[in-house]
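**Student:** Here it is, the structure, as structure tokens.
Residue numbers (the working numbering), protein chains in the order written: chain A, 1 to 111; chain D, 1001 to 1115.
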């Protein structure tokens, strides 16, 4: 069975510090991968998507970057966190655009 | 460009009542439509989706939704509602075809069911 694992579960980070969030998909070959962000109490906004290893497309500019170093791995990062980066980050995968599976998410608080 | 509107930020009703959460969309062709539920502090759980065919789709947890092309709506329904249905519900849209799948979410409706 396919699984999607996000790490860490939660982070408290200082403004200006670096960040790296990870997502691993097991059991599926060459999935489409996505990063979504949700401000507290808000809706979900797609940040990045990747169709294949090494290729990442940016959807919204939030001073974040993403990479796909392996077929089953998607990394979200920044060198300098802002207060506005606080929120809930969700990784998702799909094989078609009619079937999405979301990870359990990472809750980030920037102070 | 596509968009999703959930006009009700909050809905409150009593346990045993019927619930209907509204969702309308804007897209030039036939969309794929989804409903997800988010319990406090948790991720998204899939409820149901409309791809094609029967306009009334049934999902998990006793929910169903009706796709109405005439008024571009995809309202979520359940009867009766239970206190455990209290959560935030998101309607989402995706566009058939193409390689750059993108789910567009509405702002969500927070449902409170009073026991």
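Don't be surprised by glycine CBs; every beta carbon is placed ideally from N, CA and C.
Just the chain A side, please: which residues come within less than 8 Å of residue 1095 (chain D) by C-beta, in chain order?
**Tutor:** 97
**Student:** Can you say whether residue 1078 (chain D) is buried or exposed, counting buried as having 16 or more other CB atoms within 10 angstroms of its CB?
**Tutor:** buried
**Student:** Anything in the segment 44-63 of chain A with a Cβ closer than 9 Å to a Cβ of chain D? List those residues in chain order, please.
**Tutor:** 44, 45, 46, 49, 51, 57, 59
**Student:** On the CB-based measure, 16 or more other CB atoms within 10 Å of its CB, does residue 1014 (chain D) come out buried or exposed?
**Tutor:** exposed
**Student:** If the cut is a Cβ gap below 7 Å, which residues of chain A does residue 1114 (chain D) touch?
**Tutor:** Correct list: empty, because the minimum Cβ distance to chain A is about 21 Å.
**Student:** Quick check: what's the CA-CA separation for residue 982 (chain D) versus residue 1061 (chain D)?
**Tutor:** Since the displayed chain D opens at 1001 and closes at 1115, residue 982 (chain D) lies outside it and no answer follows.
**Student:** What residues in the segment 1025-1059 of chain D bring their beta carbon closer than 7 Å to a beta carbon of chain A?
**Tutor:** 1032, 1043, 1044, 1049, 1051
**Student:** Run the CB neighbour count on residue 12 (chain A), radius 10 Å, all protein chains shown included, and call it buried at 16 or more, exposed below.
**Tutor:** With fewer than 16 other Cβ atoms inside 10 Å of its own Cβ, residue 12 (chain A) counts as exposed.
**Student:** Could you name the residues of chain A that residue 1074 (chain D) contacts, counting a contact when the two beta carbons are closer than 9 Å?
**Tutor:** For residue 1074 (chain D), no chain A residue has a C-beta closer than 9 Å to its own C-beta; the minimum C-beta separation is roughly 14 Å.
**Student:** Can you pull the chain A residues whose beta carbon is under 7 Å from the beta carbon of residue 1105 (chain D), in chain order?
**Tutor:** 43, 44
**Student:** Give a yes or no on whether 8 Å exceeds the smallest Cβ distance from residue 74 (chain A) to chain D.
**Tutor:** no
**Student:** Is it right to say residue 82 (chain A) is buried, meaning 16 or more other beta carbons lie within 10 angstroms of its own, or is it exposed?
**Tutor:** So residue 82 (chain A) counts as exposed.
**Student:** Taking the beta strand (DSSP E) that residue 16 (chain A) belongs to, which residues open and close that run?
**Tutor:** Looking at the DSSP string, residue 16 (chain A) is not in any beta strand (DSSP E), and its letter there is neither H nor E.
**Student:** Measuring straight from C-alpha to C-alpha, what distance separates residue 1011 (chain D) and residue 1066 (chain D)?
**Tutor:** 19 Å
**Student:** Rounded to whole angstroms, what's the CA-CA distance from residue 96 (chain A) to residue 28 (chain A)? Just pull it up for me.
**Tutor:** 12 Å
**Student:** Taking 8 Å as the CB-CB limit, is residue 109 (chain A) close to chain D?
**Tutor:** no
**Student:** Determine, using beta-carbon pairs with one atom in the segment 1081-1098 of chain D and one in the segment 92-109 of chain A, whether at least three such pairs fall under 8 Å.
**Tutor:** Counting C-beta pairs with one atom in each stretch, the segment 1081-1098 of chain D and the segment 92-109 of chain A have three or more that are closer than 8 Å, which means they touch.
**Student:** With a CB to CB cut of under 8 Å and the five nearest residues on each side skipped, what residues in its chain are close to residue 1038 (chain D)?
**Tutor:** Beyond the five residues adjoining it in sequence on each side, residue 1038 (chain D) comes within less than 8 Å, by CB distance, of 1044, 1045, 1087, 1088, 1089, 1090, 1108 in the same chain, given in chain order.
**Student:** Does the CB of residue 86 (chain A) have a neighbour CB from chain E at under 8 Å?
**Tutor:** The structure shown contains no chain E; the protein chains it does contain are A and D.
**Student:** Check each candidate in A:32, A:31, A:46 and name the one with the smallest Cα separation from residue 38 (chain A).
**Tutor:** A:46
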